[in-house]
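Below: the structure, in structure tokens.
Numbering (the numbering used here), first residue to last: -17 to 495.
Here you go:
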């Protein structure tokens, strides 16, 4: 019986093939953990359309995003090629059917366009490809799509589309752009923090996820970086705005961390990865900062961000897989832009396995090792500076509180001790550079110690004998002992204790400097 079945050819009529509800769920709501990701999908489609219309990177392609919390509406519009009247319905009423080339376009699966169905009540697509055309408008009813997806079983795709979409041709007005594509999401649903309706959250997200430019005024390395990245296939920047305000990448020369401290980017390093045939598969940069530890997440800059076509893949943690200790991934700032020859996965949170990706992994792992070593060197340098600062603090206190030497033995002991502490601090400060605050403190300590030792003052010269007349020796020793115990309990330095205890008996009474 088994042999008969295996040898038989069974033909299944095409009319019996059905679309399972699971594919509808995947396309409309199962793709993205973060609702903000749908904005990335629409923007990458806009970027592809602009590339078709304005193939030269220096031509101004614009993508405008508008958020209206009052009506819970989002609009994304571009000045790309648009879709012709002839093809618009077939393209905009299809599901997971894209004609884009996998290697020439950022989006190529025909999925992202409908990703918004899981986050709103209705999606409207409007487009026009040239001035002689009408405007094609296609409306998807997200509630109806969800209704059919919840029914269970399977159904015909054509039937689903006919029930859930409405297509019309609208006469263009004089104000209608010659070519454009516009997406309108209406009835945005609330998810957790309602980030889709938050201008702040969307700005923060798009500044990293979208293919926008750096801020040339705030980031002095912008031109150098963009010139370096211009040699990787697919890299381009676009004029992207949110509610009329330009969106730029969040990198700057300096970022406040707290009221007292800031993160400074002092310089950058550029790098390139090549495959076995010496063809470039990635280019990038990383920053040298003054932060000796994990950079705060709220700065929106930490991590080596992985990008393709200047659109972020994954998030700040994706590159951490190439660090032996993932925590060190957050000590760094930078980007790696990957060639289109390495394809991202459908969720755009990683890459499809291929030989070129294996080449990339080898290079990325070496970069991770290098950056990890920088972390170790930085941590070691930090410990050295802390050691120097601790020693300098003791020296500064001693020099501030010293008024006189008890005798020559005290002078020699004091000199040796402070000289040793200063030399240890100087040795620890071998690398930080002349602009480091500890270096300036060290020089002040050396100068003050020199001045103190040139003209030493001794106790025998400072005591006012007249103040000791009439004081019983036992009473004097008792009073000094009592003061010693009291001052020691207050945690004062030995020099200050000595000065304060003997101050009543000195020629020039006063307070230690």
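By construction, the Cβ of each residue, glycine as well, lies at the ideal position given by its N, Cα and C atoms.
All of these numbers come straight from a predicted model, not from anything done at the bench.
Put simply, the backbone Cα of residue 346 is about 15 angstroms away from that of residue 295.
Taking residue 181 as the centre and dropping the five residues before and after it, the same chain places the C-beta of 49, 224, 225 closer than 7 angstroms to its C-beta, in chain order. By the CB criterion at 8 angstroms, residue 380 and residue 481 fall outside the cutoff. For the region 201 to 272, the full-length alpha helix (DSSP H) segments reaching 4 residues or more read 204 to 211 along the chain.
A distance of 8 angstroms or more separates the beta carbons of residue 335 and residue 304.
Residue burial is scored here from C-beta neighbours: residue 394 has fewer than 16 other C-beta atoms within 10 angstroms and is therefore classed as exposed. Beta-carbon to beta-carbon, residue 55 and residue 167 are separated by about 7 angstroms, close enough to satisfy the 8 angstroms threshold.
The beta-bridge partner set that DSSP reports for residue 326 consists of 333. Minimum Cα-Cα distance from residue 162 among the listed residues 32, 378, 273, 270 corresponds to 32.
Counting along the chain, residue 451 sits inside no alpha helix (DSSP H), nor does DSSP assign it H or E at all. In this structure, the CA atom of residue 173 is about 24 angstroms from the CA atom of residue 300. The residues 234, 235, in chain order, have a CB closer than 7 angstroms to that of residue 200 in the same chain once the five nearest residues on each side in sequence are set aside. Residue pairing by DSSP puts residue 290 in a beta bridge opposite 293, 320.
Between the alpha carbons of residue 109 and residue 277 lies a distance of about 43 angstroms. Between the region 118 to 128 and the region 145 to 155, the count of Cβ pairs shorter than 8 angstroms is three or higher; the stretches touch.
Here residue 342 is buried, its C-beta having at least 16 other C-beta atoms within 10 Å. Under DSSP, the beta-bridge partners assigned to residue 440 are 387. Of the other Cβ atoms in all chains shown, 16 or more fall within 10 Å of the Cβ of residue 193; this residue is therefore buried. Between the beta-carbon of residue 288 and that of residue 320 there is about 6 angstroms, and that keeps the pair under the 8 angstroms contact cut. Judged by beta-carbon spacing, residue 420 lies beyond the 8 angstroms limit of residue 431, meaning their Cβ atoms are not closer than that value. Residue 95 carries a helical assignment under DSSP once its states are collapsed to helix, strand and coil. Closest in C-alpha terms to residue 232, from the list 339, 61, 315, 272, comes 315.
Residue 167 sits in a strand when the DSSP states are folded into three classes. Here the alpha carbons of residue 383 and residue 478 stand approximately 5 angstroms from one another. Residue state for residue 108 is assigned as strand, using DSSP reduced to three classes. Only residues of its own chain outside the window of five on either side were considered, and among them none has a CB closer than 6 angstroms to the CB of residue 356. Secondary structure note for residue 20: it is in no beta strand (DSSP E), and the uninterrupted alpha helix (DSSP H) holding it is 19 to 35.
Judged by DSSP secondary structure, residue 67 falls within the alpha helix (DSSP H) whose first and last residues are 67 to 74. For the 8 angstroms CB-CB criterion, residue 45 and residue 34 do not form a contact.
In this structure, DSSP gives residue 488 an extended state, which the three-state scheme calls strand.
Looking at the DSSP output, residue 151 shares a beta bridge with 118.
With 16 or more neighbouring CB atoms inside 10 Å of its own CB, residue 164 falls in the buried class. The beta-bridge partner set that DSSP reports for residue 54 is empty. Between the beta-carbon of residue 214 and that of residue 196 there is about 16 angstroms, and that puts the pair past the 8 angstroms contact cut.
In this structure, residue 318 places its C-beta atom within 8 angstroms of the C-beta atom of residue 266. Rounded to the nearest whole angstrom, the CA to CA distance from residue 219 to residue 126 is 37 angstroms.
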